[in-house]
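Top to bottom, those sequences are chains A, B, C and D. The first sequence: position 49 = 49 (the working numbering), numbered continuously. In short: position in the second sequence from 1, add 1000, done, that's the working numbering. In short: position in the third sequence from 1, add 2000, done, that's the working numbering. In short: position in the fourth sequence from 1, add 3000, done, that's the working numbering. Right, one structure below, let's go through it.
There are 4 protein chains.
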Amino acid sequence: MSSSYGENLEVTLFGESHGPAVGMTLQGIPAGEAVDTEELCRFLARRSGAPELSTARREEDVPEFMSGLRDGVTCGTPLTVVLRNRDVRSGDYEELKNRPRPGHADYTAAVKYRGFQDPAGGGHASGRLTAALCAAGGICLQLLRKEGIRVLSRIVSVGTVSDRGELTEEAAARPFPTADEERGSAMREEILRAKEAGDSVGGVIECEIRGLPAGVGDPIFGGLENRIARAVFGIPGIKGIEFGSGFAGSTLRGSENNDSFRMEDGQVVTAANHAGGILGGISTGMPVVFRAAVKPTPSISAEQETVDLSAGENVTIRIRGRHDPCIVPRAVPCVEAAAALAVFDALLGRRKETVR
Amino acid sequence: MSSSYGENLEVTLFGESHGPAVGMTLQGIPAGEAVDTEELCRFLARRSGAPELSTARREEDVPEFMSGLRDGVTCGTPLTVVLRNRDVRSGDYEELKNRPRPGHADYTAAVKYRGFQDPAGGGHASGRLTAALCAAGGICLQLLRKEGIRVLSRIVSVGTVSDRGELTEEAAARPFPTADEERGSAMREEILRAKEAGDSVGGVIECEIRGLPAGVGDPIFGGLENRIARAVFGIPGIKGIEFGSGFAGSTLRGSENNDSFRMEDGQVVTAANHAGGILGGISTGMPVVFRAAVKPTPSISAEQETVDLSAGENVTIRIRGRHDPCIVPRAVPCVEAAAALAVFDALLGRRKETVR
Amino acid sequence: MSSSYGENLEVTLFGESHGPAVGMTLQGIPAGEAVDTEELCRFLARRSGAPELSTARREEDVPEFMSGLRDGVTCGTPLTVVLRNRDVRSGDYEELKNRPRPGHADYTAAVKYRGFQDPAGGGHASGRLTAALCAAGGICLQLLRKEGIRVLSRIVSVGTVSDRGELTEEAAARPFPTADEERGSAMREEILRAKEAGDSVGGVIECEIRGLPAGVGDPIFGGLENRIARAVFGIPGIKGIEFGSGFAGSTLRGSENNDSFRMEDGQVVTAANHAGGILGGISTGMPVVFRAAVKPTPSISAEQETVDLSAGENVTIRIRGRHDPCIVPRAVPCVEAAAALAVFDALLGRRKETVR
Amino acid sequence: MSSSYGENLEVTLFGESHGPAVGMTLQGIPAGEAVDTEELCRFLARRSGAPELSTARREEDVPEFMSGLRDGVTCGTPLTVVLRNRDVRSGDYEELKNRPRPGHADYTAAVKYRGFQDPAGGGHASGRLTAALCAAGGICLQLLRKEGIRVLSRIVSVGTVSDRGELTEEAAARPFPTADEERGSAMREEILRAKEAGDSVGGVIECEIRGLPAGVGDPIFGGLENRIARAVFGIPGIKGIEFGSGFAGSTLRGSENNDSFRMEDGQVVTAANHAGGILGGISTGMPVVFRAAVKPTPSISAEQETVDLSAGENVTIRIRGRHDPCIVPRAVPCVEAAAALAVFDALLGRRKETVR
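And the structure:
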């Protein structure tokens, strides 16, 4: 089903932006795994974002475990987390019900659900649902770390400002994660400029999964690319993904793009990593590297042209409510969460291949 | 499972590059649908490619229906198509068994399957499997056309040579599908130059789904982006995908990237189509547009550095066998097939929402 | 995943008997369907049972909708219902942690989850989870009724006391649903006798789905028998299921067991209904009929032999806590709920076969 | 999809009774497993049946592996087996197209597929498909045996003749597998009597899975009962299933039906096995025991009442063609195959719970 993800685990997201709560149920997590709820709260706080760059709506999310956890340790049964919606202001959206906001799912949801969708704040299509995604992915991140697998990411670009240098642990740990802090400052300025203009900007996020052993992932439709892409496109606003050398790699020759194999300390490694750590859908043992394109936030202050669905005529609207001038910073932990779900799922699948 | 795709239909691909056959089983196709097998053969022939640009291995694929079709009409039961492997030359690959080819799945498959994989020609990870994908997708393309939905594509770039202009029916119908025929010629020369150099090139394919009504696709993980990406990454060599304005769109401001709605002939349309016909995972009624990055063929003639897996030492190899200097032209129908599977699957799902 | 069910819809159950709550998420319900929550409460109350025949634990379940419902109408997005656990007394079970109760899942859960399961009251394996099942199935029952499909059931036997006569609407509507009220009284006495003896009894439930049109269900593994069986065995304590003439039918000759077809008011009907309304997994248009065997409640007051898992030695236990002398009456709505989920799922699948 | 089964493995059956072939694709079998094709042929021959008791149609099935097997060892990729249909005589069935045979799926398939189904011999609903089921299950049986798990079965009854005694390896190995050979002879006579009368008989099969360790299977919908039932109802003609004490157990008291635990050679065992080796859906370590009811073959020689679907009027038919007076003996290996698929699937799932 469309709000679920996974083959060897399954996460199901539920909730509407302005309903009582959002949340998730995560099945397939083995019993006996400690979950650090404080760390999970910090991870959720990263998604809530820094006040000046993000929406004025406060989302201090404290995960309420309804099932599957006992004394902080998984029972092996479905883990359900509820995140209450606070500070809900449905009124802001009521007038927009028949006047879909450009770039949002308002119109397509209205067609699909024949007007019965919850229109407030995008309903089930809202970015608010990524809090539930982060609750699930945050748990998987903790489990991956115990296996020596780390998921890191940085902001590669905001609008037309690009980062320089390499993704490092240090860069990933920054509040505004870029390799080059100056460029990070320039990006923040880009965001604030857009904000002042009542406009918005997009950007690109890079994510690396380090420590994943070779042999994880499956052929054809179960490849790591397929799995990660399916998860990452679950984040509203993602419009592109590329692995390793990606689109740029398509301009190279094979002799340039191929990664030579060589032995290093008894391990097979590749000289470069144009493959992004994936060949034939299966991990090579090198870092899995991908980049995701985030569109500029569709909510902007400027007057926009749209239609009135009941009257069937052209109208203009001005979006009030609260909105982010740039969701890229808040999307960073979401991308990590999606990647963690995909990789942990593939890793569980790998266990089925164990020799007796 | 990893060799299967779909939620409302399910296609399962089977076979190895140099085994007896490749093939597929396609479940979920309603009964009573005529399948034009001659048209399917022509579609499979597009994948086989023009002799001068592609591998010397001849793949004249004639689909053998084992089940589900009676007098050319679907029975509603699983459709199984077998495509015999002809002209198999396993000897070419035997020496490479322990010496994985850079850029191929040889190494990752050896780790995953602990040496039990079929190494000849990439086994199940071979591009040969796309013949089975095209058999399934080709049937879906025919069914989509009956509903007024057409899937068109073109080559946007080969190496560093880019197409100009728009994707049209005419462009898509060309043997080498580009909008600008001169640029198409330049691309072919790029491929032949790479071939002469014993090297290879990659490229980018653009695909449009036209005539898809608004309201198809699902929220979160069942979005059209998620579905199409999961299918398209099932084609070996695809390393990136973007929808609508994609990566370039991430550099725009919201005011530029948002598509205004307006009424046109009683229909809601958008002025531009930066969204690539998808908002919140659901179709807008505008053409669904995506681009896929194809890496340069990893098989090249030059000597390459790799390792000997049994000896655990660095060695060099030279790939003989047959290989394409550029798989982009042959990947075009594969991308269409993958898109058709994804869209037809979503369309079947849409039927479940029908009002009583 | 094991706590989920369905192909065209998906229900996921979560919770532990003595955790904060049990609940469910139901995906795939079309938008725009009114849900009568009062009726749902009444249905849940049927599962809670009449005080004298059931556990002293009060389970007045009021479904709390966390998502998917707006003004009592489905949004088309996941429906999540939370049912708080009240009157939780974990202490009763603590001493039994290492001493599995015969006939319960205590031992098998301890092995499976390596001691990390929630042992209180059976944890996720508790009959308490059927409240969540009934919340999901109760919604499906309402939707089925709108399509003219009714799910009725009765108690066929309790211990060695059997009902007489036919399942009618009237019989199904009784608080203790039997065709013959005298036999119903005798069954209740059987239950009370077992209760007085500190023992328990089992029984058999018969269920009919009326008004289901012909053509619903699928071949082989997707047959109505497969679907209903998979759902009904999700109720703890069910150990057998049979359709139509079932086990008794296996003693008949084909000439006796075959149901002749004949025209009646322009409809194809069968003279008898030994097939239980299902041929080849697909509905015939006659009532779908099945019976499910419920084992005697494993919780009894008598001293029982078991083992101490940590000491690895034989011990005896005496179960205190609260328990039903017979779960058959409370299992009746659970069987209806399971059947409703299975049938509504199959019915949604049928919509995909619609002709253009 | 309905012709597929499994969660951790997936088998897909394809084919029609009188089409070119039936077959199956089996995904999820780990690499490196030897498959003994001669043993598989012998297993398929058991399904083909002894000439005097079964259909005159000869089905010497030799599995043709299209993929996934190399030098008799699994590659880890999808295993596809094709079983050619020989001795096909469609003519026998042509006249029956609009005149559905009582007790067969002819009518329900005609409604479901709107006349486009393959009517010959039942098409995809034919018992012929169990050859493909046995090919898949036969492979799983071999893999289970390597893990010390054996699947045994016997005929418990044919018509009104019942077996006596216990299911033993010796009994299971008999051509007509009963514990008491005299009763076996009486059953065969029952079958021959039915045959002479142009009639048919049904029966009951008992199946045991021995050597399955405790802890396999999952809660709620993923229980061993749910899994086995879903698989076994995939065999045409099965109308009931019960586990352990089953329907008879529902007449016992809890004190009689509960299986006491005790230590034996350092292992937890149960004194009796009323649970059929399953508590809470999870294996106890005792043999998993179930019985399946097989209806009398619907094909009989006597004139039968049916309808003409195009004319909409009552008619009588007489079935010529070939048919078994009793499918019970041939269903025995089918039940074993279904059980093996279910158990191997659950066992693969168990691997995911392994501690790091």
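Every residue gets a Cβ at the ideal spot worked out from N, C-alpha and C, and that includes glycine. Nothing here was measured: the structure is a model prediction, and the numbers come from that model.
First through last residue of the alpha helix (DSSP H) which encompasses D:Arg3084: Not the alpha helix (DSSP H): D:Arg3084 falls in the beta strand (DSSP E), residues 3079–3084.
Sequence ranges, alpha helix (DSSP H) only - wholly within the stretch 1136–1180 of chain B, length at least 4: 1169–1173
Endpoints, beta strand (DSSP E) assigned at B:Ala1021: 1021–1027
Per-residue contacts from D:Glu3313 into chain C (C-beta, under 9 Å): Met2263
Residue range of the alpha helix (DSSP H) that includes D:Ser3048: 3037–3048
Presumed contact (8 Å Cβ cut-off) between D:Phe3221 and C:Arg2230, rounded CB distance: 6 Å
Bounding residues of the alpha helix (DSSP H) (the contiguous stretch that carries B:Phe1247): 1246–1249
Partner residues on chain D for A:Glu353, Cβ-Cβ distance less than 8 Å: Pro3030, Ala3031, Gly3076
In DSSP terms, what C:Thr2074 is bridged to: C:Leu2069
Continuous alpha helix (DSSP H) stretch holding A:Gly240: start and end: Run containing A:Gly240: none in the alpha helix (DSSP H); it sits in the beta strand (DSSP E), 238–243.
Within chain D, the residues that B:Arg1114 reaches when beta carbons sit closer than 7 Å: Ala3031, Gly3032
C:Glu2256 versus D:Asp3308, D:Leu3279, D:Gly3202, D:Glu3208, residue with shortest Cα-Cα distance: D:Gly3202
As assigned by DSSP and simplified to three states, the class of D:Thr3354: coil
According to DSSP, residues forming a beta bridge with A:Gly122: DSSP lists no partner for A:Gly122.
Touch test, the stretch 1272–1290 of chain B against the stretch 1063–1076 of chain B, Cβ-Cβ under 8 Å, three pairs minimum: no
Any chain D beta carbon closer than 8 Å to A:Leu348: yes
Cutoff 8 Å: B:Asn1226 Cβ touching any chain C Cβ: no
Identity of the residues DSSP links to B:Arg1183 by a beta bridge: None, per the DSSP bridge assignment.
Residue(s) in a DSSP beta bridge with A:Thr270: A:Phe261
Between the CA atoms of C:Phe2261 and A:Pro359 - distance to the nearest angstrom: With chain A represented from 1 up to 356, any question about residue 359 of chain A goes unanswered, as that position is not in the structure.
Contact set between C:Pro2219 and chain B, taken where Cβ atoms lie within less than 8 Å: Thr1077
Inter-stretch contact at 8 Å, needing at least 3 Cβ pairs: the stretch 1035–1048 of chain B / the stretch 1156–1169 of chain B: no
Beta-carbon proximity check, A:Ile149 vs A:Gly244, cutoff 8 Å: no
C-alpha gap between D:Asp3061 and D:Leu3079, whole angstroms: 17 Å
Expected contact under 8 Å - CB spacing of B:Ser1310 and A:Ala293 to nearest Å: Actually they do not touch by this definition, with Cβ atoms about 42 Å apart.
Own chain residues within Cβ distance below 7 Å of D:Gly3215, not counting five before or after: Ile3282, Ser3283, Arg3350
Residue-chain proximity (B:Gly1072, chain D), Cβ-Cβ < 8 Å: no
Below-8 Å beta-carbon distance, D:Glu3181 vs any chain B residue: no
N-terminal and C-terminal residue of the alpha helix (DSSP H) that A:Ile228 is part of: 224–232
Through-space distance from A:Ala339 to A:Glu303, alpha-carbon basis: 36 Å
For C:Ile2278: DSSP bridge partner residues: C:Ser2283
Residue-chain proximity (C:Gly2281, chain A), Cβ-Cβ < 8 Å: no
Contact residues within the stretch 247–259 of chain A, judged by C-beta distance below 7 Å to chain B: Phe247, Gly249, Ser250, Thr251, Leu252, Arg253, Gly254, Ser255, Asn257, Asn258, Asp259
Neighbourhood of A:Glu336 by C-beta, 6 Å cutoff - its chain only, sequence neighbours within 5 removed: Val151, Ser153
Delimiting residues of the beta strand (DSSP E) encompassing D:Val3315: 3313–3317
Limits of the beta strand (DSSP E) - the one that C:Thr2306 falls within: 2304–2308
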